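Chains as they are written, first to last, in our numbering: chain E, 37 to 290; chain D, 5 to 355; chain X, 129 to 398.
Each residue gets a CB set at the ideal place from its N, CA and C atoms; glycine is no exception.
Note that the structure is a prediction, hence the values are computed from the model and not measured.
Below you'll find the structure, written out as C-alpha cells, and then a few comments.
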Amino acid sequence: MKKLFRYCLFVASLILIWECLARSGMYPEYLFPSTGKIFYTFIQDSSEILLRARYSLTLIFLGLGSAVVGAVILAGASISSKMVSEAVTTLMAIMHPLPGIALFPIALLWFGIGNKPIVIIIAFSALWPLIANIYNGLRSVPVTQLEAGKILGLSGSRLIFSVMIPAALPNIITGLRVGWARAWQALVAAEMVFGASGGEGGLGWLLYKRRFMMQTPGVFAGLLIIIIIGIIMENAILATVENQTIRKWKTTID
Amino acid sequence: MYNKQKILAILLGLIIVFVILAGCTQSKAPVGESKVRAEETGREKIRIAQQFGLVYAPLMIAQEKGFFEKYGLEVEWKRFGSGGAAREALASGELDAAFMGIPPFLIGWDKGVPAKVAVGYVVSPVSLVTYKSEIKSLKDFKSGDKIALPSPGSMQHILLAMAAERELGNANAFDDMLVALPHPDGCSAMLAKKDITAHFTTPPYLFEELSQQGYKEVLTGAEAFGQEFGFNVGLVTKEYHDKHPRGYASFVMGVSEAITWINHHKEEAAEILAPEFNMPKEKLYKYMTWPGLNYTTAPYGLIGFAEFMKKAGYISKLPQDISEIAWENISAFIGMREGSPSMMEQLQQRK
Amino acid sequence: MDILLEIKNLSKIYKTPKKDIVALNDINLQVKEKEFVTVIGPSGCGKSTFLRCIAGLEKPSKGEIRINGTCVKYPGRDRMMVFQGLDQLFPWLTVLDNITYPLKLAKRGKNKAERKEIANYFLKLVSLEGAGHLYPYQLSGGMKQRVAIARALSVCPKVLLMDEPFGSLDALTRDNLQKHLIKIWKETGVTIIFVTHNIEEAVILSTRIAVFSTGVIKEIIENHLIWPRIPENPSFVAQWEKVYSLLQDKIEKKEITNPLISERKVNLAF
C-alpha cells in the first residue's frame, strides 16, 4: 500500500513538473502541450484511440501468437535434434541482432501493402528472443525431473508439454516479456514508417496522422494509451501469470 | 522519515534534470549562433531544408551555380525525407527556411509555427492516376479500392478532399480508402498493380505512371482546386526574418535567380542534374518541360487552401489578410486592391 | 519364490574419442520377488549405471534385462525409480497432484476422486497424510523423498529402483527414512533394488548386498539379520565388517593396479 502511494506520488510529481514547464511559456503548445490539454484530447479522441488500440492489439496478438507457436516448435526441435539446434543457433546469431523494422521494405515487397507485412515484422521481432529464452529454459530443465518424467512413461511431445515446458516456464515468461516488448516496438514503428490506411490502422498510424496534422497533444494522447497498455500488460497480465505459476511454485528467485 | 527524504531527493533530481534540459534547448537556439557568425565574417548564414523530387531542381541548380553565395549568403543544406519532417525541424528551430506544400504550411501556421511564405516556388502538375479501366471519375471508386498519397494533411490529401466535396458532397468520402505511402513506394505499387488502385502523385512519378499503357488521370490538381495553385512555397521563420534582414533578402534573391536561370536553361539544367536524379538527361529534360510545370516565385491559391481547410476542419482559423501568412515581399507582390480584388488577389482564391 | 528380475551378461561401454570406458562388465544377477537388494560400491564403480540400465534410462551395450521373462529396453511404469536429487518432484504440482498425475498416466483409478483416494492412501503410507495440498518447495528434504517414494509406489511397480535416495539428507532424517522404508517394504511387499555407498545403510535395509567393484559384482552377501537391526549388535557389526573388508580389499588392489585413481578417498562415507 505504501509502495502504491509512493508510486502515485512519484507520477503526480512528474505530472506537476511537466505542467510547470508547459505553463512557463518557454515552449509553444506544438512542442510541449499542457497535461490538461493532453488529457482533454485523450478523452475527446478516446473512441478513436480505443479503436486504434484494439486494432493494434489484434495485430500484435496475431504476430506474437504465431511467434510463440513458431518458437515452441523450433525450440522443441532444437532440444530433440543436434542438427536442428545448430541450424537454429546459427540462424539466431544472424537474425537476433536485426531489428524487425529493418526488414520492412523487404516485407512490403514480398507481402504487399496492408497488415500482412506488419504482422510478419511483429512475428519476426518477437520470434528470436522467444526461441532464445524457450530453448535456454528447455535446456536447463533439471535432469532429475526429466528422468522422473521418462520413468513415468512420458516421451516425445508429451514429455515436452508435461514436464519441460512447465519446468522452463520462468524462462518462457522472460521470453514472452522480451517478445512482447519487441513486438510492440515493431508494431508502432512499422505503422509509423508505413501508415496503413485511413479506415484501419493502429496506434502507430494514429501517431503518424497526428504528427502530420501537427496535433501534438494528440500525439501525447497516443503515447499515453501506449503507456497504459504497457502497464496493463506488465502489471495485470504478465504479473498475474507469474503469480499464478512460477511465484506460486517458487521456481523463480524474486 | 527515510522515505520522505528519498522522495524529496528524487524530486529535486528531476527538477535539476529538467532545468538542465531546458537550458540546453535554449542554448541551442539558432539566433545567437548565426548572429555571432554574421558579425565575425560579415556574411549571413542560413539553414535550408531540401527534400527529394523534381520540384527541387531550382534549389539544386542554385547550389550548383552558387546563386545564394553570390548575395553573400552561406547555406547549410539539410536533407529531409518529407515536408512533415522539414516542418518539425522548422518548428524546433533547427531550420531557417524550408519548402513545402501550402496545406502542410497552413497546418503548421494554425498550430503556431512562426514561419511565413517568403517565395512562391513551383506550379506543378499533380494528379490522381489509376490503371483500372472502370474508374473514370471519383464516383467510380468502390469500398475496397485503395488510394495512395504521401501523408495525411498533404497537398494531395487536401486536393482529394476538395474534389470529394465538390463531386460527392462529402470531403471525407475517401478517408477510409487512403494509404499513406512515400512517392517511390506508391509508384512501384502502382506499376506492379498491387495493393493500391490509384495514386495521387507528382512528377517524376506522375510522368512515369502516365507513360504506362492503360494508366490515366482520374483527377488533376487544377480540377480539384478550380484553377492553378502553387505546389510548393518557400518559408522563412520569423526569427530569421526579423533578425537577419540581409540574409532574408539574399535568400529571396537567390531563389529568384535560380528560377529565372532554370526557366531559360532547361537543357543545360537537365544535363547538370541528370546524375543527381539518376536518369538520362533526355528524360529529365522531357520531364522539366512537361506542360503545366512552372517554376515561379509568384504564389497561387494561398487563401483558397486556407478557406477550404478551415471549412473541412483541418485548421481552426483563417488568415485575416495575406500578410498574416506571407512576408512583405509576397504581400506587396499580391497587393490590396481597393474595391473588387485584383487579378493577383483572385489568383489566391479557388474558383 | 519366483525370479522377478533377471539380468544377463549386462555390459555398458561408454565410447569416447580417446578410449572406451567400461562402466559395467558382464553382470549377472537374479532378483526374486519381495527381495530387498542393496547395491554397494564406491563412486564410479558403475552401481548407478547398473540401476539406470534396469530403469531403461541407459541402453545396455550388451546383455539383457528381463522382468517376469520379458525383455525390457525402455523406461516403464513396472520399474519406478526414486532419485537422489531433491528436485525430482514436479514443482508446479501439489504433493497430491504429483501422485495423481502418474496415476492418470497409468490409468489407475476411474476418476479424479478415485485417484485422489489412492494418492491419499500412499501419502498415509509414507506418513504424509494432510500434506497433499502443499507445493514441493514447502517440504523438507526428507518429506520430498517420502513423496517421491509414494509417487513411485502408487502406480504399483514390479520393482522399485532407488538411487541413493537418502544421499542428500542429514543423518537423523536418513535414520528416520530408513525405518520408514523398511516398514513400507514389509507392508507392500514390493521388490526393491537400492543403490548406496553407505555400508550401514545396506546392512540395515536389505536381504542381499551386491558389492560392486569397477563394473563387476564382486560378491553377493546374503543378509538375513533379524529385525529390528541394531548397529551395536555383534552380528550386525560382523556383517558390516564383512562388507567393509570386501570394499577395502578392492580399493587396496585398485591402488596397486590403477594409480590414476589413488587420490580417491579410502575412507568410505558412512
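Interface residues of chain D facing Tyr66(E) [CB-CB closer than 7 angstroms]: Ala95, Lys115, Gly116, Val117
Three-way DSSP call (helix, strand, coil) for Met358(D) in this model: Here chain D has residues from 5 to 355 only, and residue 358(D) is not among them.
Segments assigned alpha helix (DSSP H), at least 4 residues, entirely inside the region 253-325 of chain D: 270-281, 285-292, 306-315
Contact with chain X by Leu239(E), beta-carbon distance below 8 angstroms: no
Residues within the region 135-152 of chain E neighbouring chain D, beta-carbon criterion of under 8 angstroms: Leu144, Gly148, Ile149, Gly150
Beta-carbon proximity list for Ala61(D), same chain, < 7 angstroms, skipping 5 on both sides: Ile266, Ala273, Leu277, Met292
For Ile209(E), the nearest candidate out of Ile51(E), Asn169(E), Ser117(E) (CA to CA): Asn169(E)
Residue interval of the beta strand (DSSP E) (run including His203(D)): 202-205
Close Cβ partners of Glu297(D) (< 6 angstroms) along its chain, the five nearest in sequence each way excluded: A small fix is needed here, since residue 297(D) is Leu in this sequence, not Glu. Excluding positions up to five away in sequence, the list reads Ser128.
is_contact[Lys245(E), chain D] using C-beta, thresh 8 angstroms: yes
Under the three-state DSSP convention, the category Trp220(E) falls into: helix
Phe34(E) at chain D interface by Cβ criterion, 8 angstroms: Beyond the ends of chain E as shown, which are 37 and 290, falls residue 34(E); an answer cannot be given.
Helix, strand or coil at Tyr91(E) [DSSP, three-state]: helix
Within the region 349-373 of chain X, ranges of the beta strand (DSSP E) (whole runs, at least 3 residues): none
Selected residue, minimal CA-CA separation from Pro356(X), among Ile348(X), Leu375(X), Val331(X): Val331(X)
DSSP three-state assignment for Gln353(D), whether helix, strand or coil: coil
Residues near Phe147(E) in its chain [Cβ-Cβ closer than 7 angstroms; skip 5 each side]: Pro153, Ile156
8 angstroms Cβ cutoff, Asp215(X) in contact with chain E: yes
Integer Cβ distance of Asn196(X) from Leu288(X), believed to fall under 8 angstroms: With a Cβ gap of about 16 angstroms, Asn196(X) and Leu288(X) do not count as contacting.
CB contact flag (Thr177(X), Lys235(X), <8 angstroms): no
Cβ of Ala183(X) within 8 angstroms of any chain E Cβ: yes
C-alpha distance - Leu45(E) paired with Ile51(E), whole-angstrom precision: 10 angstroms
Gln251(E) burial status per 10 Å Cβ neighbour count (16 or more: buried): buried
Touch test, the region 96-112 of chain D against the region 219-228 of chain D, Cβ-Cβ under 8 angstroms, three pairs minimum: no
Beta-bridge pairing of Cys199(X) - partner residues as DSSP gives them: Arg194(X)
Cβ shell of Ala159(E) (< 6 angstroms), same chain only, five flanking positions each side left out: Gly99, Ser102, Ala103
Ile106(D) versus Tyr66(E): straight-line alpha-carbon distance, rounded: 19 angstroms
The ligand NAP heavy atom lying under 7 angstroms from the CB of Asn361(X): As far as ligands go, the structure on display features none, and thus does not contain the ligand NAP.
Thr287(E), DSSP secondary structure in three states: coil
Span separating the alpha-carbon of Gly136(E) from that of Glu92(D): 26 angstroms
Alpha helix (DSSP H) segments (min. 4 residues) lying fully within the region 276-357 of chain X: 299-316, 327-333
Residues that Met208(X) contacts on chain E, provided the C-beta gap is smaller than 9 angstroms: Ile187, Leu188
Within chain X, the residues that Ile199(E) reaches when beta carbons sit closer than 8 angstroms: Note on identity: in this sequence residue 199(E) is Val, with Ile being the wrong assignment. Correct list: Phe218.
Between the CA atoms of Leu166(E) and Lys118(E) - distance to the nearest angstrom: 19 angstroms
CB contact check: Gly204(X) to chain E, cutoff 8 angstroms: yes
Cutoff 8 angstroms: Phe250(X) Cβ touching any chain E Cβ: no
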